[in-house]
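What follows is a set of notes on a single structure, which appears directly below.
Protein chains: 2
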Amino acid sequence: MTGTLYGLGIGPGDPELITLKALRCLRAVPVIAYPAPPEGDSLARAIVEPHLIGGQREIAIRMPMVAARFPAQEVYDRAAEEIGGELEAGRDVAVLCEGDPFFYGSFMYLFGRMAGRFPVEVIPGVSSLTACAAVLGAPLVARNDVLTVVPATLTPEEIKRRLAEGGEAAAIVKVGRNLEKVRGVLDDLGLADNARYVEHATMASQKILPLSAVGAEAAPYFSMILVHRRGEAWR
Amino acid sequence: MTGTLYGLGIGPGDPELITLKALRCLRAVPVIAYPAPPEGDSLARAIVEPHLIGGQREIAIRMPMVAARFPAQEVYDRAAEEIGGELEAGRDVAVLCEGDPFFYGSFMYLFGRMAGRFPVEVIPGVSSLTACAAVLGAPLVARNDVLTVVPATLTPEEIKRRLAEGGEAAAIVKVGRNLEKVRGVLDDLGLADNARYVEHATMASQKILPLSAVGAEAAPYFSMILVHRRGEAWR
Numbered sequence: 191m192t193g194t195l196y197g198l199g200i201g202p203g204d205p206e207l208i209t210l211k212a213l214r215c216l217r218a219v220p221v222i223a224y225p226a227p228p229e230g231d232s233l234a235r236a237i238v239e240p241h242l243i244g245g246q247r248e249i250a251i252r253m254p255m256v257a258a259r260f261p262a263q264e265v266y267d268r269a270a271e272e273i274g275g276e277l278e279a280g281r282d283v284a285v286l287c288e289g290d291p292f293f294y295g296s297f298m299y300l301f302g303r304m305a306g307r308f309p310v311e312v313i314p315g316v317s318s319l320t321a322c323a324a325v326l327g328a329p330l331v332a333r334n335d336v337l338t339v340v341p342a343t344l345t346p347e348e349i350k351r352r353l354a355e356g357g358e359a360a361a362i363v364k365v366g367r368n369l370e371k372v373r374g375v376l377d378d379l380g381l382a383d384n385a386r387y388v389e390h391a392t393m394a395s396q397k398i399l400p401l402s403a404v405g406a407e408a409a410p411y412f413s414m415i416l417v418h419r420r421g422e423a424w425r
Numbered sequence: 191m192t193g194t195l196y197g198l199g200i201g202p203g204d205p206e207l208i209t210l211k212a213l214r215c216l217r218a219v220p221v222i223a224y225p226a227p228p229e230g231d232s233l234a235r236a237i238v239e240p241h242l243i244g245g246q247r248e249i250a251i252r253m254p255m256v257a258a259r260f261p262a263q264e265v266y267d268r269a270a271e272e273i274g275g276e277l278e279a280g281r282d283v284a285v286l287c288e289g290d291p292f293f294y295g296s297f298m299y300l301f302g303r304m305a306g307r308f309p310v311e312v313i314p315g316v317s318s319l320t321a322c323a324a325v326l327g328a329p330l331v332a333r334n335d336v337l338t339v340v341p342a343t344l345t346p347e348e349i350k351r352r353l354a355e356g357g358e359a360a361a362i363v364k365v366g367r368n369l370e371k372v373r374g375v376l377d378d379l380g381l382a383d384n385a386r387y388v389e390h391a392t393m394a395s396q397k398i399l400p401l402s403a404v405g406a407e408a409a410p411y412f413s414m415i416l417v418h419r420r421g422e423a424w425r
């Protein structure tokens, strides 16, 4: 009997925004794995830290800072091998995923390597998308609104086209180092005043700012910009 | 001291997919309110039923079956008045919201009426969007994918345009009575084979079907179609 690989959605950052199901799984498995920086603490592990009961094996998937594709692929190859060894020995492994595992999560790199060979279960989590809307205190989408979710990692031309053609609401994810590019596109489209910036939604370090007030180099990876063309469509 | 109005995301249907935060709030408030059909049981209440501890006042917001705008507005006017009375008396009220309150939730009709007059807090929940991807066992969006979320209540022309211009992934929500319309559009665009249908994701009544296998009149309100243009982009 091989173990099961769990993709565990742990929510956007507030440890209380984990689901009962994810919490049960987190405490039941003998092995947890999580993304981590080259050195130091993992954000995903920090989110669930209040819930850990100890005695579990932990696998830190340490990603080099270099954004090149090949080192990352090697890291996932090695992680898949190590996690696969646990599963083959009959031990369940839960991979901690900030937000939801299937919403731009790095879990999919493990999923792609392992889904055919081992049983996989994904436990959905509260995504940054709705967490940002909640902390902004404004509906993300209402009634017949169309929502477009655009990664800030695309080219400026592509982001511009997606936003220009897009619906009443747009979410720009993965802002991070792409902040100036996105700000330029929103200025070009005359949408800067409709945009709101959130970083680390629901975490202690949460910040909500008008786009113009965000410093040029200040955006962390976990930041998002929500844009609404409409006024208050929910009235 | 007025009470606080909570928009409580209770998740997509599995009672275990409620967050710790929503559960704490659910049990702490003296009054809960929830959408309900003209007669009989509320789905939102049924989802949290295993967690209720009794002794709370319950306000069922009963929506007439007629989809006309004015009766619905009157129902929300009355509900806002009744809930407002509780808040003015200093009692917190939690409004139960399937999925997430700000993701096409009917909560926004109360929010629009009450947000200026009372303290409001929204507790985000697991949305149907990521719940459907989880039960399908396929990433919703990966890497640089653009996601377009389109309500099936739009005109066929509008749905067609949105899907044609849309990104690598699309989610068509509010399928219900609009199933044939959506199926026609997907056929026209040659996307029918890329579409997967889910109803009642994570509930006991969950069904996953190829689009062609869904009966013409069979789609309930809580159904969704996910469309991916790509193959397995996460590999």
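Protein sequences, first through last, are from chains C and P. Residue numbers 191 to 425, in the working numbering, belong to the letters of the first sequence in order. Residue numbers 191 to 425, in the working numbering, belong to the letters of the second sequence in order. For each residue, glycine too, the CB sits at the ideal point set by N, CA and C. Fair warning: this is a prediction, and the values are worked out from it, not measured in the lab.
Partners in chain P for residue i, counting only beta-carbon separations shorter than 7 Å
i	result
C/Ile426	Lying outside 191 to 425, the shown extent of chain C, residue 426 of chain C is not represented and no answer is given.
C/Leu344	Asn334
C/Val316	Thr209, Pro314, Gly315 and Val316
C/Gly203	Result: empty, since nearest Cβ-Cβ is about 11 Å, beyond 7 Å.
Closest residue to residue i among the options (Cα-Cα distance)
i	options	result
C/Asp231	C/Arg252, C/Arg247 and C/Lys211	C/Arg252
P/Ser296	C/Val331, C/Arg419 and C/Gly274	C/Val331
P/Asn286	P/Ser413, P/Leu198 and P/Ala403	Correcting the residue type first, residue 286 of chain P is Leu in the shown sequence and not Asn. When only C-alpha atoms are compared, the closest one is P/Leu198.
C/Leu353	C/Asp378, C/Arg247 and C/Ala409	C/Asp378
P/Tyr387	P/Glu347, P/Ala342, P/Glu355 and P/Glu348	P/Ala342
C/Glu272	C/Ala223, C/Lys364 and C/Pro227	C/Ala223
P/Glu239	P/Leu195, P/Ala270, P/Tyr299 and P/Gly203	P/Gly203
P/Gly327	C/Met393, C/His241, C/Gly280 and C/Asp290	C/Asp290
C/Thr192	C/Ile243, C/Val283, C/Leu242 and C/Ser402	C/Val283
P/Met132	P/Arg420, P/Leu195 and P/Val219	This structure cannot speak to residue 132 of chain P, because chain P is shown only from 191 to 425.
P/Pro265	P/Ala226, P/Tyr294 and P/Phe293	Per the sequence shown, residue 265 of chain P should be read as Val rather than Pro. Selected option, being the one with the closest Cα: P/Ala226.
C/Phe292	P/Phe292, P/Ser317 and P/Met298	P/Ser317
P/Arg281	P/Met393, P/Val219 and P/Pro205	P/Val219
Amino acids of chain C, ordered along the chain, whose beta-carbon sits closer than 8 Å to that of residue i
i	result
P/Glu206	Thr209, Leu210, Lys211 and Arg214
P/Val310	Gly327
P/Glu355	Glu355
P/Phe352	In the sequence under discussion, the amino acid at residue 352 of chain P is Arg, which differs from the Phe named in the question. Result: Val336 and Gly357.
P/Thr192	Result: empty, since nearest Cβ-Cβ is about 17 Å, beyond 8 Å.
Simplified DSSP state of residue i, which is helix, strand or coil
i	result
C/Glu248	strand
C/Glu276	helix
C/Pro309	coil
P/Gly327	coil
P/Ser413	strand
C/Leu399	strand
C/Leu213	helix
P/Asp204	coil
P/Val265	helix
P/Val221	strand
P/Tyr294	coil
C/Ala342	coil
Chain C contact residues for residue i, given Cβ-Cβ distances below 7 Å
i	result
P/Leu337	Val339
P/Ala323	Phe292
Integer-rounded CB distance, given that residue j should sit under 8 Å from residue i
i	j	result
P/Ala324	C/Pro314	4 Å
P/Ala234	P/Glu288	5 Å
Close Cβ partners of residue i (< 7 Å) along its chain, the five nearest in sequence each way excluded
i	result
P/Gly357	Asp335, Val336, Leu337 and Thr338
P/Ala212	Leu198, Gly199, Ile200, Ile313 and Gly315
P/Cys322	Val388, Ala391, Met414 and Leu416
is_contact[residue i, chain A] using C-beta, thresh 9 Å
i	result
P/Ile313	Within the model displayed, chain A is absent; protein chains C and P are what it includes.
Sequence-distant residues of its chain with Cβ nearer than 6 Å to residue i (five each side left out)
i	result
P/Leu319	Ala361
P/His418	Ala359 and Asn384
C/Ile398	Val388
P/Tyr411	Gly366
P/Gln396	His390
P/Gly380	none
Beta-carbon proximity list for residue i, same chain, < 8 Å, skipping 5 on both sides
i	result
C/Pro228	Arg252, Met253, Pro254 and Met255
P/Ala269	Ala223, Ile249, Ile251 and Leu300
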